[in-house]
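Counting the sequence shown from 1 gives a position; the numbering used here is that position plus 47. Glycine included, each C-beta is placed from N, C-alpha and C at the ideal position. Keep in mind that this is a model prediction, so the values were computed, not measured.
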Amino acid sequence: MQDGVNGLTECPIPGDGGSKTYTFQAAQYGTSWYHSHFSTQYAAGVVGAIQINGPASANYDIDLGPYVISDWYRQHAFELERSSQLASNGPPVSSNVLFNGTNINSDPDVGGGAYDRVTLTPGRRHRLRIINTSAENHFSASMVGHNLTVISTDFVPVAPLVVESLFVAVGQRYDVIIEADQAVDNYWFNATLALGGLCGTSENLAPAAVFSYQGAPAGIPEEPGVPLTNVSCVDNTGFTPVVSRTAPSADFSGDGILDITLTTPTVDNATVFRWQVNSQDINIAWDKPTLQYVRERNTSYPKDANVIVVDDPNVWTFWVVQNENVVPHPIHLHGHDFLILGTNDVANSAGEPVTFDPVADFARLNFVNPTRRDVAMLPSNGWMVLAWVTDNPGAWLFHCHIAWHVSQGLSVQFLERRSEIPALMDLERLEPDCAAWEDWFATDSYRKTDSGL
Ligand SMILES: [Cu+2]
Numbered sequence: 048m049q050d051g052v053n054g055l056t057e058c059p060i061p062g063d064g065g066s067k068t069y070t071f072q073a074a075q076y077g078t079s080w081y082h083s084h085f086s087t088q089y090a091a092g093v094v095g096a097i098q099i100n101g102p103a104s105a106n107y108d109i110d111l112g113p114y115v116i117s118d119w120y121r122q123h124a125f126e127l128e129r130s131s132q133l134a135s136n137g138p139p140v141s142s143n144v145l146f147n148g149t150n151i152n153s154d155p156d157v158g159g160g161a162y163d164r165v166t167l168t169p170g171r172r173h174r175l176r177i178i179n180t181s182a183e184n185h186f187s188a189s190m191v192g193h194n195l196t197v198i199s200t201d202f203v204p205v206a207p208l209v210v211e212s213l214f215v216a217v218g219q220r221y222d223v224i225i226e227a228d229q230a231v232d233n234y235w236f237n238a239t240l241a242l243g244g245l246c247g248t249s250e251n252l253a254p255a256a257v258f259s260y261q262g263a264p265a266g267i268p269e270e271p272g273v274p275l276t277n278v279s280c281v282d283n284t285g286f287t288p289v290v291s292r293t294a295p296s297a298d299f300s301g302d303g304i305l306d307i308t309l310t311t312p313t314v315d316n317a318t319v320f321r322w323q324v325n326s327q328d329i330n331i332a333w334d335k336p337t338l339q340y341v342r343e344r345n346t347s348y349p350k351d352a353n354v355i356v357v358d359d360p361n362v363w364t365f366w367v368v369q370n371e372n373v374v375p376h377p378i379h380l381h382g383h384d385f386l387i388l389g390t391n392d393v394a395n396s397a398g399e400p401v402t403f404d405p406v407a408d409f410a411r412l413n414f415v416n417p418t419r420r421d422v423a424m425l426p427s428n429g430w431m432v433l434a435w436v437t438d439n440p441g442a443w444l445f446h447c448h449i450a451w452h453v454s455q456g457l458s459v460q461f462l463e464r465r466s467e468i469p470a471l472m473d474l475e476r477l478e479p480d481c482a483a484w485e486d487w488f489a490t491d492s493y494r495k496t497d498s499g500l
């Protein structure tokens, strides 16, 4: 009920002064973010960081707090939503990349703006909570002259893992520790975009912030550092969750398939992009969320709601996500962390899709405490196998976190343990909240031109 996804758990909050108070129990701890799920509205700035304190898997001295890295566009997100769905356009180039909301202007002829600056204390270990809140740009984070020690993947603490650079997909969070054990100086903190454009493009060709040791001279770093090479569009691997979870391999059949394709239908005399899962792009109804169906005990869900019912309690479910397209996708699940049992490990951005084979590829899967998180990168032309337990009744969106893609249909919703939802959630709020939304929307000029998500 408090997940905030319009069309699933609620109607949208009306404009012109509408409000809603969300109440939730912090059952996990770590770093996350909240954002609007009303079309592409979060890319217009309706977003913020969340820090929930709890134990860490390694010691540190100073918590620097959330570190939000995000693409930024001069045009409004709703304009971009309308233009980017036209097949003649494709996704927009970001105007800049911001670090905790600031950067110098990416256009040196115009100038202005300021680098984000972070101060490090010499000899101390600093915890930095990296969050990629972008609409579309994916980054590889790195700091000149320093390694990053990863201690959590999204909400999951992991055994400390030292990396030189860290791929951060849209929606992902990584808590890292940076040890200030180098010379007192200024250092670039880079968010590097991959070559080839499949993971986003920006007018800012080298997004960076300035990390300065206390006592360093004023100014920007003199040492440019070595550019990252082989920056790709795939998740780092090798993480070991502290709290172990093992999925039962004997229960895996490989028949839960989510097949992602790109189609170009004609809508209102224009050729547009639609991303489909199992041959259907999602299109939710703002004024009749899924939980209203649950409340009415109505099981006639619209086909384009892309509902997948999972009623059995406390069982493992397995999902093969198959990418039939060259564009990789950051896949996000609400309501659960999932185990990443495996992905195709062959780089294949130039070739034909690699189809998962439940027999031949079974040996590639790791069921014993693999990386666990709530956003993972589906490889270009490849596959990813996920597993999670039905331990949370509700309606949970499973979608690509690229704002334009979910807007163009790339999503399903898992409707989990339906019979238990009415007792667990305050479904009586739906009627007054939806009435308020409908009253406002009837008088507003804004019209729905996408999936609504
Ligand atoms: Cu996508």
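- In this structure, the CA atom of ASP298 is about 41 Å from the CA atom of LYS67.
- When the five nearest sequence neighbours on each side are left out, the beta carbons in the same chain lying within less than 8 Å of the beta carbon of VAL357 are those of THR364, THR437, PHE461, LEU462, GLU463 and ARG464, in order along the chain.
- The Cβ atoms of SER296 and ASN416 do not sit closer than 7 Å to each other.
- Considered as a whole, the segment 95-145 harbours 124-131 as its complete alpha helix (DSSP H) runs of no fewer than 4 residues, in chain order.
- Where CYS481 is concerned, the enclosing alpha helix (DSSP H) starts and stops at 477-488.
- With a cut-off of 6 Å, the C-beta of LEU457 is classified as near ligand 1, since at least one heavy atom of the ligand falls inside that distance.
- Straight-line measurement puts the Cα of ASP497 at about 22 Å from the Cα of ASP63.
- Close CB contacts of GLU226 within its chain, under the 6 Å cut and outside five residues either way in sequence, are with ARG172 (chain order).
- Under DSSP, LEU167 shares a beta bridge with TYR260.
- Of the heavy atoms belonging to ligand 1, at least one sits nearer than 6 Å to the Cβ of ILE449.
- A distance criterion of 6 Å places the beta-carbon of HIS379 beyond contact range of ligand 1, judged by its closest non-hydrogen atom.
- Around the beta carbon of THR70, fewer than 16 other beta carbons lie within 10 angstroms, which makes this residue exposed.
- The nearest non-hydrogen atom of ligand 1 is less than 6 Å from the C-beta of HIS452.
- Around THR87, the same chain offers ALA124, GLU128, ALA450 and SER454 as residues with beta carbons nearer than 6 Å, after the five sequence neighbours per side are excluded.
- Each of ALA96, VAL209 and GLN339 was checked against the Cα of PHE286, and the nearest Cα belongs to VAL209.
- Here LEU500 carries a coil assignment [DSSP, helix/strand/coil].
- A Cβ-Cβ distance of about 7 Å is found for the pair HIS376 and LEU457, placing them in contact under the 8 Å criterion.
- Not a single heavy atom of ligand 1 lies less than 6 Å from the C-beta of HIS173.
- For ILE468, the enclosing alpha helix (DSSP H) begins and ends at 468-471.
- By the criterion of at least three beta-carbon pairs nearer than 8 Å, the segment 416-434 is in contact with the segment 213-229.
- For TYR234, the uninterrupted beta strand (DSSP E) segment begins and ends at 233-239.
- Take the alpha-carbon of ASN316 and the one of LEU133: they are about 11 Å apart.
- Apart from sequence neighbours up to five positions away, the residues of its chain that approach LEU380 with a beta-carbon distance below 6 Å are ASP421 and PHE445, ordered along the chain.
- Between ILE304 and VAL367 a beta carbon distance of about 5 Å is seen, short of the 8 Å cut, so the two are scored as contacting.
- Relative to SER187, the option among LEU242, ASP154 and ILE151 whose CA is nearest is LEU242.
- The nearest non-hydrogen atom of ligand 1 is less than 6 Å from the C-beta of HIS376.
- Distance from the Cα of ILE378 is smallest, within the candidate group TRP443, LEU240 and ARG344, for TRP443.
- Membership of VAL341 in the alpha helix (DSSP H) is indicated by the continuous run 337-342.
- In terms of Cα proximity to ALA263, the closest of ALA91, GLN229, SER199 and GLN75 is GLN229.
- Around the CB of GLU57, 16 or more other CB atoms lie within 10 Å, so the residue is classed as buried.
- Taken atom to atom, the span from the alpha-carbon of LEU145 to that of ASN184 is near 11 Å.
- In the structure shown, the three-state DSSP call for TRP333 is coil.
- Where VAL223 is concerned, there is no enclosing alpha helix (DSSP H), although the beta strand (DSSP E) around it starts and stops at 220-226.
- Exposure of ASN106 is indicated by the presence of fewer than 16 other C-beta atoms within 10 angstroms of its C-beta.
- Annotated as proximal: VAL205 and SER199, with beta-carbon spacing under 7 Å.
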